Structures are given as C-alpha cells and as structure tokens.
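So the structure is just underneath, and the comments pick up after that.
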Amino acid sequence: MTWRLSVRGVRTVAGLELRQRVRSTRWIAVLTIWAVLLGLLTTLIRVAVHLAADIDAIAPGVGGGEAAAGDNVGDQIGRLMFGLIAFLVLSLGTLVAPALSATSINGDRTAGILAPLQTTLLSAAEIAVGKLVAAWTTALALLLTASPFILWTYLEGGTSPLRLLVTLGVLALTLLVVCAIGLGWSSVASRTSSSTVLTYLTIAVLGPGLPILFALCLPTVQQEETVRVRQLVPAGLYLPADSAPRCVESREQLSRTHTERIWWVLAPSPYVVVADAAPRPGDEDTALSGWDPLTLIRDGVREARLGPAEVEDRCGDVATTTRPDGGEDTARERREERNALSAVWPYGLAANLLLGLGFTVTAITRLRAPIRRLPRGVRIG
Amino acid sequence: MSEGGISARGVRRAFGNVVALQHIDLDAPAGAVTALVGPNGSGKTTLLLVLATLLAPDAGHVRVAGFDPVRQARAVRARTGWMPDVFGTWGTLTCREVLRVVTDTHRMPRARAEARIDDLLGLVHLDDLADRPTQVLSRGQKQRLGLARALVHDPQVVLLDEPASGLDPRSRVELRGIVRDLATAGKAVVVSSHVLSELDEMADRAVIVAEGCTIAVETLDEVAERPRTWRVRALDEQSLVAALDARGIPYGEGDRYGREIEIASDVEAAEVLNALVSDGVPVVAFHPAGGVLERTYLALTEDRR
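Going line by line, the protein sequences match chains E and V.
When the letters of the first sequence are read in order and numbered with our numbering, they come out as residues 8 to 388.
When the letters of the second sequence are read in order and numbered with our numbering, they come out as residues 1438 to 1742.
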C-alpha cells in the first residue's frame, strides 16, 4: 500500500504540483532572468577566455574568432568555455533546485493540503515520487533554458558530441539528486526554513565540502618512507665537463602523501562527477591538452587515485623528448597509467543516486499514514 | 452495529505525555447523523483523524465501514469522505480542477467524474464560481468546496469536522439539508461542532466527549423527555404571571423575551401551554430555552470547567 506506484497516481500528483507552481510563480520571469544571467556570463567567459588566450578573436565580427585562431588553440578555447559553462550551470542549478522541493512536503502540511491527499487512494510512494517528478521537471526546464548557452560553447569547438550528451545527462541526474535531497528534508523537518537550510547544507557538503574534506585529510595519509629516486646529475659537477648529464638512481627517505587511500572522498562531488564523466578530448598527447576545468579535475582526481609513483622521477623535468638516460619517459608512462584507470564518475554518480534514493525513501516513510509516532511540532492536516 | 457505519471501542491516543484520547467509544450507524460534541481540546479532531486513517490509535478497536483504518486503510479510504477543520486548498486551481484532482486520486473514470463534479458544484452552490481559482473564495465558500471534496467518491461514511464554521445563515441551512439527505441516503455521518443549536437540527444522536473520554451518548428523542427550561411570552405580562401563580408553576425573572419556566417533559409542556391558553393568557411565544443538546451538554460538562 505504502510502496504501490502507479503511473496514474504519480501523474496526478505531479500534474497538481506543476499546475500549482506554474500558476503561482512568475515562472516565465524566472526563466527569463535565468537565461539572461547565463547569457551574460557566457559572453563574459567568451571574452575573457579569448583575451586570456591572447588571441585576436573578438576583432571584427561575432563568431569570427575560431577562423582566426589556429585549429588546435581554438579547440582548447572551446573546451575551456564548455567546462566553465558546465560548472556554471551545475553551480546555479544546485543553487536553484532546492527551492523547488525543499518545502514541498512540510509546506503542504502547514497549508493543510497534505492530509486530504493522504486520505485518498494515492499511496505514500505516489505522493512522494509525484512531488519529486514535478520538482525535477522544473529543474529540467532550467537546464533546457541553459542548453542554448551550453550548445554555444559546444559550437566553439573542441568538444565531442558524446561529451556534450554525457555532460547534459550527468547534470540532469545531479539535479534529480538535489531535488530528492530537498524532498527528503522537507519530509523530516517540520519547518520549511529548517528543511531549506538542511538541503543547502547537504549540497554544500557534496559540492565544495568533499574536496575541502579531502584536502583536510591529506596530512593523515602523509607517510615517511624510503623510495627509489632518479635524479639528474648535470655535467661538470661530478661528471667530466664534456660528458652528457646522467640520470642516477638512489634511495632516499621522503615524506609522501598517499592520496590513493582517500581519493574516493572526492568521487561523489557533483563537480568531480561532471568533470570525470565528460569523455576526454582526443588529442591527449599535446602539451596544451588538459587546461580546461573538466579535464583538469578529471586528471587531478585520477592522479590522486594513483597516489605517489613507485619511483620518484626527477629526470623527466629536463627533457620531455630525449632523456639523458635514454630510458622510458616516466611522465608519459604515468599519463598512460592514469588513463588506463577505470572511470571514477560511475561510483560518484551511483553514490549520489543512492543518496537521492535514500532521501526519497525517507520521504515515503514519512508520508505513510496512519501515523504511529508523530514527530515533534508536526500537525496533521 | 450495521456494516456501513463506524464502531470505535476504547480508543486511546497519546502524543508524548499529552493524552489526547483516553477512552473513546463511538457508534455512528448508517442512515443517521451522529453529532460529536465536546469542549475545545477534548479530542474531537484527533478522533476524526483516527477514523480518517491518518492517525493510528495506541489502543482500542476501530471499524469504519467494516474495515480497520490501520491495517485496511485503503479500503477505509475508498469508503470514507473526510472534511478537515483546517481547510487548505490548492489556491491557484479552480473549484472544478480541485474536484477533478480528487476524482483522479480516487481513480474515477473521466466521464463519470465530470458528471459527479457538476452535481457536487450544484449541491454546494458553487456552480457560478466553478472556474474561479479557489484562493478568491471566501471562508464559507471554501468550506462548501471542502464538503464537496469529501463527497466526491460517494462515500458510505462521511466525517465532517466543524463543517458550519464560517458559513453564512443560508449556507448553514443548506448544510443541514445536505447532511440530512446524506443520512436519508443511508450514509453514516459524523459531525463535530461546538455550535450546539445547529446540531440540534441535524443530528439524530450525540456523542459527548470531554478530556478524551466519551461521557454520554444521547439520542435527541430521549433528550426531549428530560426536564428543561421553556420560555413563554404573552402580550399581557400581568395575566401570564397571574395564571402561572394560580397554577403554582414557578417562574423566573421576566425580560422582554418573556419568562422561563421549568417543565419536566414535552408532554407536560403541551399541557402547560394548553392550560395557559384556556386561562385566557394571550401567549405569543412558547419554546424551549436553549437547544436540547446545549442543555444536556452544559449539565454534563459543568463539573469539568
């Protein structure tokens, strides 16, 4: 009875919620402001990025930039813009989405319109899921309004269609999780202000909170250990002046940070999920690759997951093309090792979805009637 | 106890340390209007929440339309219409849409639902406001919409929590008519109120609760056989007083509404009136002072103030 879920029931509740929302808020005004804000920020980012890249891009006409720039550099700029906009939409979306669901249950309770729904044939699950669907639909409307700007940065080049789709998909699912968190808190807290604050706190913990936690945990995984170190011995110091510099291996006591033990703290952060889910651009080996925020975070997290290298290589700094010892390029090796790692985002996304599911289940159990234990301060009706 | 009604025995419900219902017995047979009467905070609303499947009792045996509201909540909900005391509504929806949502939640087929909605809007006289958003309705109009909402699925059991509050005199009269019609149609109706005079005119039975306990169950016919105060007024005050004196009937202070006299039963009241008229007293009014229920209620709750 509690868990019965029918399409008609969910549709009834979602339709009711959406109609209420569409009529009671000036949603066209909200969407317009949202679009204007995003448009403004996208334009600013475009101008700033082109200026920073020191390219004469904003010169004659709008959109003439890519042609002037070299293909590769243009792609870099496009990717950077795409990454920035993706994060911007994610940040603003997680800022707005709680408003859509964080008061939906306790607000209805206060207004006396929840109990009349509970005494109908609707199950608790249908009420909760219907409210979630309504909130998510509204969030998707925001995402849809943002999509022209995401598309614009996509057209700047450098981003694969797959990356575009995956980013949009992960953004949509993240917004779903945020809506579920709001729904859950609104069923637990009796006051709408408490549930709103709790929802924002939860999102703050997930978004910037987890990376901060990761940073704070770093000292705990620091360790003194003896490792193999390869060091460059320049000509003229210990070697004959005319000889080539050599790479020498020795053992040294070093303090190293084993991020591979705590990398998973980073994984559920929506920023990490979005960044890691975006497929890597194709031209992996160029020196310029990886200075867009998505790739940067993606590589950073995977680097953390690898932890310190077995051999501390300090020779690689000198030559990227020819190494004095003629040995393997360890930096390249490292990059290959990093790319061979399985993706982090499925774990992060799964953790987030699980969290969302948990909050939804909480909401359902809190909507169950007849109530046996009434939480403090809750009035039925 | 007939299948269609309500039967509650020894219902108990506490919220933490506060005992809202201590020991409630309530029978509401089908085809009758049962008034639930009691002071503020006596547990009327809590009891109705239990009957409406929203609140589980801590103890006691409850059957609504033959089903257990805790374990068979769905069956009870399909057969029960509940009108809450605090009436909330989806403000931006029109009256018609509100009722349509309710028909959807009860899974009524569209065509049947539309016909039912039209009937109900007519019944509560909201047809001319059918397409206005409910937030523009007055309190009384909202109350009437709430009644229509409770009746959407043609329930066997109707629970009305303070249905008359906020209603204008005409709407009260109409509410009484609707409630009586429901009983005539064989529904079990429970009406809670503390406006006792209006319950007098629509209830068949009264369950009086105080401090979470059922303290009396009365049928209104029985109450008529009890002693109570009547009010008599004549055109000529002196001849009235003289006649009462002559017959040895004690009377109270006079005012412009006449004099109060104590009479044992309705039969005796008829006799007194007959005697006064035959004595030549120009009687213009002869009626019970205060409602039937009011008197019983005041007598029963006197020691509980």
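Using N, Cα and C, we set each Cβ at its ideal position, and we do this for glycine too.
Since this is a predicted model, take the numbers as computed values, not measurements.
query	result
Runs of alpha helix (DSSP H) lying entirely within the segment 1581-1654 of chain V, each at least 4 residues, in chain order	1606-1621 and 1633-1637
Which of helix, strand or coil DSSP assigns to Q1509 of chain V	coil
Residues that P353 of chain E bridges to, as DSSP identifies them	Answer is none; P353 of chain E lacks a bridge partner.
Residue-chain proximity (G1525 of chain V, chain E), Cβ-Cβ < 7 angstroms	yes
heavy atom of the ligand ATP below 6 angstroms from D1673 of chain V C-beta	Here there are no bound small molecules, and the ligand ATP is not part of this structure.
Through-space distance from S1630 of chain V to S1439 of chain V, alpha-carbon basis	Interpretation of S1439 of chain V is limited by its pLDDT of 48, a score under 50 that renders its predicted location unreliable; the figure taken from the coordinates is listed afterwards. Their Cα atoms are separated by approximately 24 angstroms.
Contact set for R1684 of chain V: own chain, Cβ-Cβ below 7 angstroms, skip 5 residues either direction	A1712
Environment of C322 of chain E [buried if 16+ CB atoms lie within 10 Å]	buried
Proximity below 7 angstroms, CB of G355 of chain E to CB of A282 of chain E	no
Sub-7 angstroms separation of L3 of chain E and A370 of chain E beta-carbons	The requested residue 3 of chain E does not occur in the structure, where chain E is confined to residues 8 to 388.
Proximity below 7 angstroms, CB of D1777 of chain V to CB of A1661 of chain V	Nothing can be reported for residue 1777 of chain V, as the shown portion of chain V is limited to 1438 through 1742.
Opposing strand residues paired with S1444 of chain V [DSSP bridges]	V:D1464 and V:R1500
Residues of the segment 135-157 of chain E with Cβ closer than 8 angstroms to any Cβ of chain V, in chain order	none
Residues that N30 of chain E contacts on chain V, provided the C-beta gap is smaller than 9 angstroms	Residue identity differs from the one stated: residue 30 of chain E is Arg in this sequence, not Asn. Per Cβ cutoff of 9 angstroms: G1528, T1529, L1530 and P1570.
Pair within 7 angstroms by beta-carbon distance, G1577 of chain V and D1605 of chain V	yes
Helix, strand or coil at M1520 of chain V according to DSSP, with G and I counted as helix	strand
Minimum C-alpha distance to S130 of chain E - residue among E:V20, E:A187 and E:S111	E:V20
C-alpha distance - L149 of chain E paired with G114 of chain E, whole-angstrom precision	22 angstroms
Three-pair Cβ contact test at 8 angstroms for the segment 1614-1634 of chain V versus the segment 1466-1483 of chain V	yes
For L1492 of chain V: DSSP bridge partner residues	E:I378
Three-state class that DSSP yields for H1724 of chain V in the structure shown	strand
Interface partners of L124 of chain E on chain V, CB under 8 angstroms	T1542
Spatial distance of F1504 of chain V from G1518 of chain V (CA atoms)	14 angstroms
Euclidean distance between Cα positions of A1510 of chain V and R1586 of chain V	19 angstroms
Helix, strand or coil at P277 of chain E [DSSP, three-state]	helix
Three-pair Cβ contact test at 8 angstroms for the segment 209-216 of chain E versus the segment 166-175 of chain E	no
Integer Cβ distance of T1651 of chain V from A1726 of chain V, believed to fall under 8 angstroms	Incorrect: roughly 27 angstroms between the Cβ atoms, too far for contact.
Reduced DSSP category for Y161 of chain E - H, G, I as helix; E, B as strand; rest coil	helix
Uninterrupted alpha helix (DSSP H) stretches inside the segment 136-196 of chain E (no shorter than 4 residues)	168-195
Per-residue contacts from V1538 of chain V into chain E (C-beta, under 7 angstroms)	T19 and L23
Helix, strand or coil at P1570 of chain V according to DSSP, with G and I counted as helix	strand
Cutoff 7 angstroms; reference G159 of chain E; Cβ partners in own chain excluding five residues on either side	The sequence as given places Trp at residue 159 of chain E; Gly does not occur at that position. So the list reads T49, once near-sequence residues are dropped.
DSSP state of M1438 of chain V mapped onto helix, strand, coil	Caution applies to M1438 of chain V, whose pLDDT of 45 falls short of 50 and renders its modelled position unreliable; the value that the coordinates give is listed next. Here M1438 of chain V sits in coil by DSSP.
C-beta neighbour in chain V for T127 of chain E, strict 7 angstroms	yes
Beta-carbon neighbours of L381 of chain E, restricted to chain V and to distances below 8 angstroms	F1452 and L1492
Neighbour flag for M8 of chain E against chain V, beta carbons, 7 angstroms	yes
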